[in-house]
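Q: Quick one: structure below, then a few questions.
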Ligand SMILES: Cc1cc2nc3c(=O)[nH]c(=O)nc-3n(C[C@H](O)[C@H](O)[C@H](O)COP(=O)(O)OP(=O)(O)OC[C@H]3O[C@@H](n4cnc5c(N)ncnc54)[C@H](O)[C@@H]3O)c2cc1C
Ligand SMILES: Cc1cc2nc3c(=O)[nH]c(=O)nc-3n(C[C@H](O)[C@H](O)[C@H](O)COP(=O)(O)OP(=O)(O)OC[C@H]3O[C@@H](n4cnc5c(N)ncnc54)[C@H](O)[C@@H]3O)c2cc1C
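Residue numbers (our numbering), protein chains in the order written: chain A, 1 to 326; chain B, 327 to 587.
Laid out in C-alpha cells, this is it:
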C-alpha cells in the first residue's frame, strides 16, 4: 500500500503525534510491501522534511506558502487531498489531535473515502490491515478492515504508538496545492494559550486527576504540584468540572477526554462508569480515595486508602526527592 | 436566521455495553436511549439564535422510528420542525453514509447555519458534522465553546490542546458544539405538550434523491471484523501500613515494578 501521513506542525515544530503516525505509516508500508510519504503544510516549514525522513518517510510533500500561515481546514484540506491524489495514496493517516480530527473528515468527504477515528492498535493479515478502535469511550473495542480496493483514512490516537527510527530518503516534493485565497472560508485568527504552562491531558503521558474529594478550587494547586513534579497534566472528574473548580478542557471521561497515558493518578474520584470509560485503558492507574469501597479501586494498579490531602503532598515530596537523585 | 440541528438517538452514558455472542453486534436491549448529550448544546444554541434573531429551527435525525423520541425532545426544547430521515437503505451506513443523507436533507431546507454535536457518544467518531459541511461546500468549525456573529461571519472559539483557537467562518456555515457553549434548557411542560402536536416529516431515499449504493452498508468504507470488551485489568494492589510508608512503597513500585516513573 501507498501510505500518506499528514504531519502536523505548530509554530514550525512537528508534533510528537505526527512522528508516531509516520512510524505507523512506515510499518504499514513495510508490512504490505508498499511505500510511505508525508505531507506537511505551513509557512517556512521546508526544514521539517528531514525530520520526517528520519522516522521513515520515503517522500515528503511540502506545501510551504503564506496561504498556510494560519490553520484553515479549507486550505489544509485541499492541500492534503491534492497530495493524496498526486501520490496515489491507498491510505491517509492523521493523528487524532484537535487538528487531525478537524481536518481528516474534510479530506475524506472530498475524496469519498471511509475514515476510522481514534485507532489504538493495528495488525496486518494476508496483506490487508486490521484496525482496532474504542467505542463507547472504551467500554468496547471494534476491529475493522478497509473494503478491499477502496482507499481509506485513519486517525491514530496520540501517545499510543512508539516513534521508530527507520531513516528513509525523505525526498522533498514541492506540493502543487492549487489553493487560492477564495477557497478559504474559515480561518484561525488567533490562538489563546491556556495559563499555567501545564500540559493538556490529551497529550500527557502522566495525568493527575482530582474529583469531588478535592472539596474546592483552592485545593487544586496540590495536584498541580504533583503533576509538575511528574512532568504531567492535571485532569478532573465531571463533578469537579461542573462545580466550576476547573475548566472543562481538563475533564476525563465519556463526555470529556478519553485518555490512555502511561500513568493515571485519580485523587478523590469515586470511579463512575463515565469516568472509568475515559481512563481505564491507562497503562498504570493509581487511586487515592478514603473510601475502600470506591469503584476506582477495581481498575487501580495500586491503591492507597487514605485522605488525599495527606497523601498527595507526600507523593509530591517523594517524587521530587527521586528526581533530585536523578 | 434559519438553523438546522442534527440530533442523534443514542444509548445514554450509564449504558453497560455487552457484545452479542457472535461478536458482530452490541446487545443494547437494556440501554436507555436519549438525545446525544452534545446535540443538546446544538439544539439550545439554535433556539437561542431564533429567539434573538428570528427564523426557524429544524431538527434532523437519521434513524428508525424510535429516533422520533429524540426529535420530540428537540421540539419540546423549542425547535419548530423535525424531519426523520429513515429508509432501509440507510442501514449499516458509516459516517459518510449518514452525512450524505443529512446533506441531501439540508439541500431541501434553506439554512444559514447547521449545528451538530461535537461527537455522538457511542460510536465516538467525531466526523459527521465536518463531512456534512464538506458535502455541502460550506465552512465548518468544530468543537466550539463560544459563538458570536459579526455581519455575515461566525466568530467561534474552539478547543485545542492547551488553548483556544478563535476561528472566523463565513455564513452559511456548520458548527459542532462542545460543552461550555451553553447550558441546555429542560423542556417546559408547555413545550412538551406543544411538541406532541408538531408534525414530524419523514423522508426516505427517494425523497432525498439519493442512490442506494452511496449510503448504507454498500457505501461503507470499512467492514466490521469483531467487537469485544476490553481485557480485564490485572488484579491491583491496595497498599497497607502508615500513610508515609505507603507513599514510599507506592513510589518504589511505580519506579521499579511498573516502570512508570
Ligand atoms: C451524560 C453524563 C455524562 C457524564 N460524563 C462524565 C465524564 O465524562 N467524566 C466524569 O468524570 N463523569 C461523568 N459523568 C458523571 C459521573 O456519573 C459521576 O457523577 C462523576 O464522575 C463523579 O465524580 P467524582 O468521582 O469526582 O465524585 P464522587 O462520585 O462524589 O466521588 C468523590 C470521591 O472522593 C472521595 N473523597 C472525598 N474526600 C476525600 C479525601 N479527603 N481524600 C480521598 N478521597 C476523598 C470519596 O470517597 C468519593 O469516592 C457523567 C454523567 C452523565 C449523566
Ligand atoms: C461498517 C459500519 C457499519 C455500521 N452499521 C451501523 C448500523 O447498521 N446502524 C447504526 O446505527 N450504526 C452503524 N454504524 C455506525 C454509524 O456509522 C455511526 O453512527 C456513524 O458513523 C456516525 O458516527 P457517530 O455516531 O460516531 O457520529 P459523530 O461523527 O460522532 O457525530 C457528530 C454529530 O453528527 C450528528 N449526527 C451523527 N449521527 C447522526 C444521525 N444518525 N442523525 C443525525 N445527526 C447525526 C450529530 O449532531 C452528532 O453530534 C456503522 C459503522 C460502520 C463503520
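Backbone N, C-alpha and C fix where the C-beta goes; we use that ideal spot for every residue, glycine too.
1) Just to check my reading of the structure: residue 250 of chain A and residue 231 of chain A have Cβ atoms closer than 8 Å, yes? What is that Cβ distance to the nearest angstrom?
2) Among the residues of its own chain, which have a CB less than 8 Å from the CB of residue 319 of chain A, if the five just before and after it don't count?
3) Is there a C-beta anywhere in chain B that falls below 8 Å from the one on residue 129 of chain A?
4) What are the residues of the region 482 to 497 of chain B that lie near chain A, defined by any Cβ-Cβ distance shorter than 7 Å?
5) Using a Cβ-based criterion (distance less than 7 Å to any ligand heavy atom), does residue 272 of chain A qualify as near ligand 1?
6) Are there 16 or more other CB atoms within 10 angstroms of the CB of residue 457 of chain B, so buried, or fewer, so exposed?
7) Do the region 490 to 505 of chain B and the region 462 to 479 of chain B meet, that is, are 3 or more Cβ pairs less than 8 Å apart?
8) Should residue 168 of chain A go down as buried or exposed, given a rule of 16 or more other Cβ atoms within 10 Å for buried?
9) Going by the beta-carbon positions, is the gap between residue 333 of chain B and residue 385 of chain B smaller than 8 Å?
10) Under a three-way DSSP split, which group does residue 32 of chain A fall into?
11) Going along chain A, which residues have a C-beta under 8 Å from residue 447 of chain B?
12) Is the Cβ-Cβ distance between residue 442 of chain B and residue 393 of chain B less than 8 Å?
13) Residue 368 of chain B CB to nearest chain A CB: under 8 Å?
14) Assuming residue 271 of chain A and residue 299 of chain A make a contact with CB atoms under 8 Å, what is their CB distance in whole Å?
15) What residue ranges within the region 188 to 267 of chain A form continuous alpha helix (DSSP H) runs of no fewer than 4 residues, ordered along the chain?
16) List, in chain order, every chain B residue whose beta-carbon is nearer than 9 Å to that of residue 189 of chain A.
17) Mind listing the chain B neighbours of residue 181 of chain A? Cutoff is C-beta to C-beta under 7 Å, in chain order.
18) Answer yes or no: do residue 21 of chain A and residue 61 of chain A have a C-beta to C-beta separation smaller than 8 Å?
19) So, helix, strand or coil for residue 585 of chain B, using DSSP?
20) Would you say residue 157 of chain A reaches chain B, if we count a Cβ-Cβ gap shorter than 8 Å as a contact?
21) Which residue marks the beginning of the beta strand (DSSP E) containing residue 289 of chain A, and which one marks its end?
22) Return the first residue and the last residue of the beta strand (DSSP E) that residue 494 of chain B is part of.
23) Could you check if residue 539 of chain B is buried or exposed, using at least 16 other CB atoms within 10 Å of its CB as the buried criterion?
24) Where does residue 539 of chain B fall in DSSP's three states?
A: Straight from the coordinates:
1) By one-based count along the first chain, residue 250 of chain A stands at place 250. By one-based count along the first chain, residue 231 of chain A stands at place 231. Between residue 231 of chain A and residue 250 of chain A the Cβ distance is about 17 Å, and since that is not below 8 Å, they are no contact.
2) If you number the first chain from 1, residue 319 of chain A lands on position 319. For residue 319 of chain A, where only same-chain residues beyond five positions count, the Cβ hits under 8 Å are 226, 229 and 230.
3) Numbered from 1 along the first chain, position 129 holds the residue referred to as residue 129 of chain A. False, the Cβ-Cβ gap to chain B never drops below 8 Å.
4) 485, 486, 487, 488, 489, 490, 491, 492, 493, 494, 495 and 496
5) Looking up residue 272 of chain A in the first chain gives position 272. Answer for residue 272 of chain A: yes, Cβ within range of ligand 1.
6) By one-based count along the second chain, residue 457 of chain B stands at place 131. Buried, because 16 or more other Cβ atoms sit within 10 Å of the Cβ of residue 457 of chain B.
7) yes
8) As a first step, residue 168 of chain A must be located in the first chain, where it is residue number 168. Buried, because 16 or more other Cβ atoms sit within 10 Å of the Cβ of residue 168 of chain A.
9) Here the question's residue 333 of chain B lines up with position 7 in the second chain. Here the question's residue 385 of chain B lines up with position 59 in the second chain. Contact flag set, yes.
10) On the first chain, position 32 is the one that residue 32 of chain A refers to. Of the three classes helix, strand and coil, the one that applies to residue 32 of chain A here is coil, per DSSP.
11) Translated into the one-based positions of the second chain, residue 447 of chain B becomes position 121. Those within 8 Å of residue 447 of chain B in chain A are 136, 137, 254 and 255.
12) Position 116 of the second chain, counted from the first residue, corresponds to residue 442 of chain B. Position 67 of the second chain, counted from the first residue, corresponds to residue 393 of chain B. No.
13) For this step, residue 368 of chain B is matched to residue 42 along the second chain. So no, residue 368 of chain B is outside the interface.
14) The count along the first chain starts at 1 and reaches residue 271 of chain A at position 271. The count along the first chain starts at 1 and reaches residue 299 of chain A at position 299. Indeed they touch by this definition, with Cβ atoms about 7 Å apart.
15) 220 to 230 and 238 to 242
16) On the first chain, position 189 is the one that residue 189 of chain A refers to. Per Cβ cutoff of 9 Å: 481, 491, 492, 493 and 494.
17) For the purposes of this step, residue 181 of chain A is identified with residue 181 of the first chain, where counting begins at 1. What residue 181 of chain A touches in chain B: nothing, since even the nearest Cβ is about 13 Å away.
18) By 1-based counting over the first chain, the position of residue 21 of chain A is 21. By 1-based counting over the first chain, the position of residue 61 of chain A is 61. The answer is no: Cβ separation not under 8 Å.
19) Indexing the second chain from 1 puts residue 585 of chain B at position 259. Coil, per DSSP.
20) Within the first chain, numbered from 1, the residue matching residue 157 of chain A stands at position 157. Judged by the 8 Å Cβ criterion, residue 157 of chain A is not in contact with chain B.
21) Within the first chain, numbered from 1, the residue matching residue 289 of chain A stands at position 289. Taken as a continuous stretch (DSSP letters only), the beta strand (DSSP E) holding residue 289 of chain A covers 284 to 289.
22) Numbered from 1 along the second chain, position 168 holds the residue referred to as residue 494 of chain B. Unbroken beta strand (DSSP E) run through residue 494 of chain B: 489 to 496.
23) On the second chain, residue 539 of chain B is found 213 positions in, with the first residue counted as 1. The residue in question, residue 539 of chain B, is exposed, as its Cβ has fewer than 16 Cβ neighbours within 10 Å.
24) Translated into the one-based positions of the second chain, residue 539 of chain B becomes position 213. Helix.
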